[in-house]
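Chemist:
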Amino acid sequence: MPELPEVETATLGIKPYALNKKIKDVVVREYKLREPIPKEILDLKDVKIIKAFRRAKYIIIQLSNNKDLIIHLGMSGSLTVQKKDNPIKKHSHVDIILEDETILRFNDPRKFGMVLLVDNYLENKYIQKCGIEPLTDDFLKDYLFKNSRNRKMPIKTFLMKNDIVVGVGNIYASECLFKAGIRPDREAKSISKKEFLNLSKIIQQTLKDSIIKGGTTLKDHQSGLGESGNFQNELFVYGQDKCKVCNTDIDQIKQNGRTSFYCKTCQK
DNA sequence: AAATATACCTGACTGC
DNA sequence: TGCAGTCAGGTATATT
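Residue numbers (this note's numbering): 103 to 370.
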């Protein structure tokens, strides 16, 4: 479930197990992901993990040899902490085995994810085209408003453009537009400054809330009990039949190849 | 330049 | 039980 909050919790989840540990071995079972895994990843023996953080939906792991691992979970990927003898499931493509035998395991059935090893993540082409982080103070200003003038694109498509703002996926785009009372098919340029300021606040708050709920996922990951978070219980429109506020039937439309959910009563 | 279609890949689910 | 079709939390690239 790699939404921004899941990527964030996955990152926070591996940190206590990974930081300041040396890599003992790396096992790659499948190289063919969105981009091939570079074979240099096999040469990380005795390299120490210095830092781990999130940028957009990318997990950045900085290493003592001055290289950075860039991991993207795609649609179906996960990065979890595993104990030494935990059985290898299908699609566990990469194991990073640490000095104490803890394993950072990358699993991705659909293979839309990525594991890259680069000199500097900031110079990576994917990172460079990333827009603003929605959890920053700057995002709460008039950023969306400014960048949406003259845009005829539907607001929901606009919110999902990673070169504008990162981390807002298909679920959060629908959910936040519902909370903001804005229909997903409105032209971006039709949204007022006031509406955008409110929408930005809602996006930030919703992502933060979900990260907190993802904390439960974190614990589950560590204890091996499961992988799903709690945020699905908080969804207002995504995958819903009836509006939780007014009980109107939820409408579904396709935008840019993705399903959008909205309530025609609550959203204008 | 902006909007849309397509491609990547596997698995779960639906309806016949 | 099986088969075909559809859909899925992402995003780069090609096409209009």
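Cβ atoms here follow ideal geometry from the backbone N, Cα and C, with glycine treated the same way.
#1: Out of 155, 299 and 136, which has the shortest C-alpha to C-alpha gap to residue 112?
#2: With burial defined as no fewer than 16 other Cβ atoms inside 10 Å of the residue's Cβ, what is the status of residue 184: buried or exposed?
#3: Over the uninterrupted alpha helix (DSSP H) stretch that includes residue 158, give me the two end residues.
#4: Among 160, 201 and 220, which one has its Cα closest to the Cα of residue 170?
#5: Cα separation between residue 256 and residue 362?
#6: Count Cβ pairs between the region 202 to 212 and the region 236 to 256 that sit closer than 8 Å; are there 3 or more?
#7: Only counting the same chain, and skipping five residues up and downstream in sequence, which positions put a Cβ closer than 6 Å to that of residue 143?
#8: On a CA-only basis, which of 177, 301 and 333 is nearest residue 314? Give me that one, please.
#9: Can you confirm whether the region 258 to 275 touches the region 235 to 243 when touching is taken to mean that 3 or more C-beta pairs between the two stretches lie within less than 8 Å?
#10: Please name the residue in 265, 303 and 264 whose C-alpha comes closest to that of residue 279.
#11: So, residue 135 versus residue 216, is the Cβ gap smaller than 7 Å?
#12: Excluding sequence positions up to five away, which residues of its chain have a Cβ less than 6 Å from the Cβ of residue 386?
#13: Is residue 312 near residue 104, with beta carbons less than 7 Å apart?
#14: Helix, strand or coil: how does DSSP classify residue 109 here?
#15: If you drop the 5 nearest sequence neighbours on each side, which residues of the same chain put their C-beta closer than 8 Å to that of residue 265?
#16: Tell whether a beta-carbon distance below 7 Å holds between residue 340 and residue 292.
#17: Determine the extent of the beta strand (DSSP E) in which residue 198 is found, giving its start and end residues.
Modeler: Let me lay it out:
#1: In the first sequence, residue 112 corresponds to position 10, counting from 1. When each option's Cα is compared against that of residue 112, the closest is 155.
#2: As a working mapping, residue 184 is identified with position 82 in the first sequence. When all chains shown are included, residue 184 counts as buried.
#3: By 1-based counting over the first sequence, the position of residue 158 is 56. In this chain, residue 158 is not harboured by any alpha helix (DSSP H), its DSSP state being neither H nor E.
#4: Here residue 170 corresponds to residue number 68 of the first sequence, with the count starting at 1. Looking from the CA of residue 170, the closest CA among 160, 201 and 220 belongs to 220.
#5: Position 154 of the first sequence, counted from the first residue, corresponds to residue 256. Position 260 of the first sequence, counted from the first residue, corresponds to residue 362. C-alpha separation (whole angstroms): 11 Å.
#6: With the cut-off at 8 Å, the region 202 to 212 and the region 236 to 256 do not touch.
#7: Residue 143 sits at position 41 when you count from the first residue of the first sequence. Spatial neighbours of residue 143 in its own chain (CB-CB distance under 6 Å, excluding positions within 5 residues in sequence) are listed in chain order as 128 and 219.
#8: Residue numbering aside, residue 314 sits at position 212 when the first sequence is read from its first letter. With distances taken between Cα atoms, residue 314 lies closest to 333.
#9: Enough Cβ pairs lie closer than 8 Å, so yes.
#10: Along the first sequence, read from residue 1 onward, the residue named residue 279 stands at position 177. Selection 265, 303 and 264 evaluated against residue 279 yields 303 as nearest (Cα-Cα).
#11: The residue given as residue 135 occupies position 33 in the first sequence. The residue given as residue 216 occupies position 114 in the first sequence. Yes, these two residues count as a Cβ contact at 7 Å.
#12: Here the chain covers residues 103 to 370 and nothing more, so residue 386 does not appear.
#13: Reading the first sequence from its first residue, position 210 is the one you call residue 312. Reading the first sequence from its first residue, position 2 is the one you call residue 104. Against a cut-off of 7 Å, the Cβ pair of residue 104 and residue 312 comes out as no contact.
#14: The residue you call residue 109 lines up with position 7 of the first sequence. Looking at residue 109 - three-state DSSP - the assignment turns out to be helix.
#15: In the first sequence, the residue the question calls residue 265 occupies position 163. Answer for residue 265: 231, 232 and 233, listed in chain order.
#16: By one-based count along the first sequence, residue 340 stands at place 238. By one-based count along the first sequence, residue 292 stands at place 190. Note that the C-beta distance between residue 340 and residue 292 is not below 7 Å.
#17: In the first sequence, the residue the question calls residue 198 occupies position 96. It spans 194 to 200 - the beta strand (DSSP E) in which residue 198 sits, taken as one unbroken run.
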